Ligand SMILES: NC(=O)c1ccc[n+]([C@@H]2O[C@H](COP(=O)([O-])OP(=O)(O)OC[C@H]3O[C@@H](n4cnc5c(N)ncnc54)[C@H](O)[C@@H]3O)[C@@H](O)[C@H]2O)c1
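In the numbering used here, the protein residues as written are 1141 to 1396.
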């Protein structure tokens, strides 16, 4: 899909980190960008800076997602690009130090945002995409990009909820791509390794240095712009479909 100002996009989690970088990259390519984020101040700031539109949305709540699409589509028209970056990374072990089992409410919260949230936004976006005319000779109507994590494959100690939610996002990719293939909507997932976003930058400096040293090459945290550049490439390259791409400098996470 050729990126220009005839296209609209919705980016969730666009107020920070990987979503913010992607919103900026799409806007720089001329695309009309709508941002969904729970953080009103951050989402409004980014939308204001890129000439985009913001809607306060909790992706885990399907009615909130529906209301958000109404706001953004009224401003920008039907989106052809949907990038799911909203996510949370709460850590907890299966059994804690006191022998207590993992809080099921916390497990549900992580899955509710990372998995159900991605499903809510992707499915509602797809329902809109399939109603529009094809955008190119391939008959392409849209592209959905989800965000998993290397924790989908090598989850660490304390990542039972996070790893499960991200493995499910990776697992949704092929069946969703197959479901939507008849209508020319592609579905891809990016599984980032360690990226220098507020999610990681909040950690102590020595922890960040230790994490960066674990990356075989290049031995540093990924830049949000490197995620955004892959997202832009996925939009532009119509043969990419139904696959999860690790973007991780060859890291394979150790148990802890
Ligand atoms: N940073 C990394 O190293 C890394 C690695 C692997 C995967 N990821 C994944 O990439 C995605 C983006 O992470 P990031 O590092 O940019 O994090 P971030 O914390 O910088 O940004 C996440 C954004 O999502 C928003 N958000 C959280 N819950 C929401 C909800 N219920 N509804 C709407 N918005 C919500 C937050 O307000 C925030 O603006 C996440 O899914 C994360 O799991 C990040």
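Positions of the beta carbon are idealized from the N, C-alpha and C atoms, including for glycine. As the structure is a computational prediction, the values presented were derived from the model and not from experiment.
Taking 7 Å as the cut-off, does the CB of residue i come closer than this to any heavy atom belonging to ligand 1?
i, result
"residue 1179", "yes"
"residue 1149", "no"
"residue 1354", "no"
"residue 1209", "no"
"residue 1198", "yes"
"residue 1337", "yes"
"residue 1332", "yes"
"residue 1152", "yes"
"residue 1347", "no"
"residue 1227", "yes"
"residue 1176", "yes"
"residue 1255", "no"
"residue 1370", "no"
"residue 1162", "no"
"residue 1182", "yes"
"residue 1329", "no"
"residue 1248", "no"
"residue 1384", "no"
Measure the C-alpha to C-alpha separation of residue i and residue j and round it to an integer number of angstroms.
i, j, result
"residue 1148", "residue 1350", "39 Å"
"residue 1301", "residue 1252", "10 Å"
"residue 1226", "residue 1154", "7 Å"
"residue 1384", "residue 1308", "12 Å"
"residue 1221", "residue 1249", "26 Å"
"residue 1291", "residue 1303", "5 Å"
"residue 1270", "residue 1347", "45 Å"
"residue 1256", "residue 1345", "33 Å"
"residue 1357", "residue 1369", "18 Å"
"residue 1382", "residue 1330", "11 Å"
"residue 1233", "residue 1361", "25 Å"
"residue 1354", "residue 1373", "27 Å"
"residue 1247", "residue 1395", "20 Å"
"residue 1184", "residue 1327", "27 Å"
"residue 1174", "residue 1367", "18 Å"
Using DSSP bridges, identify the partner residues of residue i.
i, result
"residue 1222", "1150, 1284"
"residue 1332", "1387"
"residue 1211", "In DSSP, residue 1211 forms no bridge with anything."
"residue 1355", "Answer by DSSP bridge pairing: none, since residue 1355 is not bridged."
Helix, strand or coil for residue i? Go by DSSP, reduced to three states.
i, result
"residue 1162", "helix"
"residue 1249", "helix"
"residue 1230", "coil"
"residue 1206", "helix"
"residue 1294", "helix"
"residue 1173", "strand"
"residue 1262", "helix"
"residue 1237", "coil"
"residue 1313", "helix"
"residue 1394", "coil"
"residue 1272", "coil"
Is there a C-beta anywhere in chain D that falls below 8 Å from the one on residue i?
i, result
"residue 1386", "Here chain D cannot be found, since the structure has a single protein chain."
So does the segment 1238-1248 actually touch the segment 1275-1290, counting three or more Cβ pairs closer than 8 Å?
Cβ pair count under 8 Å is below three, so no.
Is there contact here, the segment 1189-1198 with the segment 1262-1271, by at least three beta-carbon pairs under 8 Å?
They do not touch, by the three-pair rule.
Please confirm if the segment 1320-1338 is in contact with the segment 1154-1172, defined as three or more CB-CB distances below 8 Å between the two stretches.
Between the segment 1320-1338 and the segment 1154-1172, the count of Cβ pairs shorter than 8 Å is three or higher; the stretches touch.
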